[in-house]
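Q: The structure is given below, and queries will be raised subsequently.
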């Protein structure tokens, strides 16, 4: 299996993103739109257009089977908190037919190596509450919760 970094083949990422966008729409149809390759491609062009995003793609038998998108962010100092750099995991996906083979582990290991290569000590990510598989996966990789986001619909 090969793990490769890319920032130029956004069409490939948009195609791979169908599975995760469909899952998000299933869990939160009032928030997430149904998958549209054109819309996802526009979103990726926006994210990658800032110059601080990188995609790490897993290739198995010449086929892309997963990816992680990481974003380098500088957090400005405030009166309340120190300034710092973080690496945000924006998206992580292993295609359904390839899960359970260690591909997600390899992608996260490469994301952590990327952070170290860029002298970034902290990686942050989020996941939706219903995605218990993601919670277990990330906790199994040593991630812990720093906050919980809540909501209430008032209409």
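In my numbering, the protein residues as written are 4 to 158. The beta-carbon is built from N, C-alpha and C at its ideal position, and this holds for glycine as well.
How is residue 25 classed by DSSP in three states: helix, strand or coil?
A: Along the chain shown, read from residue 1 onward, the residue named residue 25 stands at position 22. DSSP places residue 25 in helix when its eight states are reduced to three.
Q: Where in the segment 113-143 do unbroken runs of the alpha helix (DSSP H), each at least 4 residues long, occur, reported from the N-terminal end onward?
A: List check, alpha helix (DSSP H) in window: 135-143.
Q: Going by beta carbon distance, what residues of the same chain come within less than 8 Å of residue 106, once the five residues before and after it are set aside?
A: One-based indexing of the chain shown puts residue 106 at position 103. If we look at residue 106 and ignore the five residues flanking it on each side, its Cβ neighbours are 4, 61, 63, 68, 69 and 97.
Q: Using only alpha-carbon positions, find the residue among 89, 102 and 71 that is nearest to residue 79.
A: What you label residue 79 is simply residue 76 of the chain shown in a count that begins at 1. Closest by alpha carbon: 89.
Q: Just to confirm my understanding: we take residue 126, look at its own chain, exclude 5 residues before and 5 after, and list those with CB closer than 6 Å. What are they?
A: As a working mapping, residue 126 is identified with position 123 in the chain shown. So the list reads 90 and 118, once near-sequence residues are dropped.
Q: By Cβ distance below 6 Å, which residues in the same chain neighbour residue 137 in space, the five residues on each side in sequence not counted?
A: Position 134 of the chain shown, counted from the first residue, corresponds to residue 137. If we look at residue 137 and ignore the five residues flanking it on each side, its Cβ neighbours are 130.
Q: Entirely within the segment 83-118 and at least 3 residues each: give me those beta strand (DSSP E) ranges in chain order.
A: As far as the segment 83-118 is concerned, its whole beta strand (DSSP E) runs of at least 3 residues are 87-97.
Q: Measuring CB to CB, does residue 47 end up less than 8 Å from residue 9?
A: Translated into the one-based positions of the chain shown, residue 47 becomes position 44. Translated into the one-based positions of the chain shown, residue 9 becomes position 6. No.
Q: When burial is assigned at 16 or more other CB atoms within 10 Å of the CB, is residue 43 buried or exposed?
A: The residue given as residue 43 occupies position 40 in the chain shown. Buried is the call here.
Q: Which word fits residue 24, buried or exposed, when buried means at least 16 other C-beta atoms lie within 10 angstroms of its C-beta?
A: Residue numbering aside, residue 24 sits at position 21 when the chain shown is read from its first letter. Residue 24 is buried by the Cβ-count criterion.
Q: To the nearest angstrom, how far is it from the Cα of residue 114 to the Cα of residue 155?
A: Along the chain shown, read from residue 1 onward, the residue named residue 114 stands at position 111. Along the chain shown, read from residue 1 onward, the residue named residue 155 stands at position 152. Whole-angstrom Cα-Cα distance: 34 Å.
Q: Just curious, the alpha helix (DSSP H) that residue 156 is in, first and last residue?
A: For this step, residue 156 is matched to residue 153 along the chain shown. Looking at the DSSP string, residue 156 is not in any alpha helix (DSSP H), and its letter there is neither H nor E.
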